[in-house]
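In my numbering, the protein residues as written are 792 to 911.
See below for the structure under consideration.
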């Protein structure tokens with residue numbers, strides 16, 4: 792949650808975490824959280840494998856003492872341990888509202904939460 796949604800309102804952080812869990816449950820992605828967040832696909836523009844989650848592309852890690860990091864951890868735990876009521880049933884994709892990736896051109900978002908659009 793930290794790298795993907797730390798600047799988002801709390802609802803947006805929960806939504807990003809929910810997409811991760813939806814992917815685990817979908818059968819279309821890896822069947823573990825680690826498998827989903829570390830999954831890499833070939834990017835023909837970059838000529839290399841890239842992760843769907845931005846933090847996998849960075850070497851720097853946040854400090855566990857950072858308040859923003861602690862909040863992201865709490866959000867991730869709440870969603871993982873089902874202490875959060877899902878609001879995006881079946882949502883498997885999202886992107887920042889200020890971009891329009893090619894895969895989203897023919898898709899209709901099911902929600903906008905903060906600066907992210909969510910899709911089934």
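Every residue gets a Cβ at the ideal spot worked out from N, C-alpha and C, and that includes glycine.
- In the three-state scheme derived from DSSP, where H, G and I count as helix and E and B as strand, residue 839 is classed as strand.
- A distance of 9 angstroms or more separates the beta carbons of residue 889 and residue 903.
- Around the beta carbon of residue 813, a 10 Å sphere encloses 16 or more other beta carbons of the protein chains shown; the residue is thus reported as buried.
- Assigned with DSSP and collapsed to three states, residue 879 falls in coil, not helix or strand.
- Residue environment: residue 885 is assigned as buried (16 or more neighbouring CB atoms within 10 Å of its CB, all protein chains considered).
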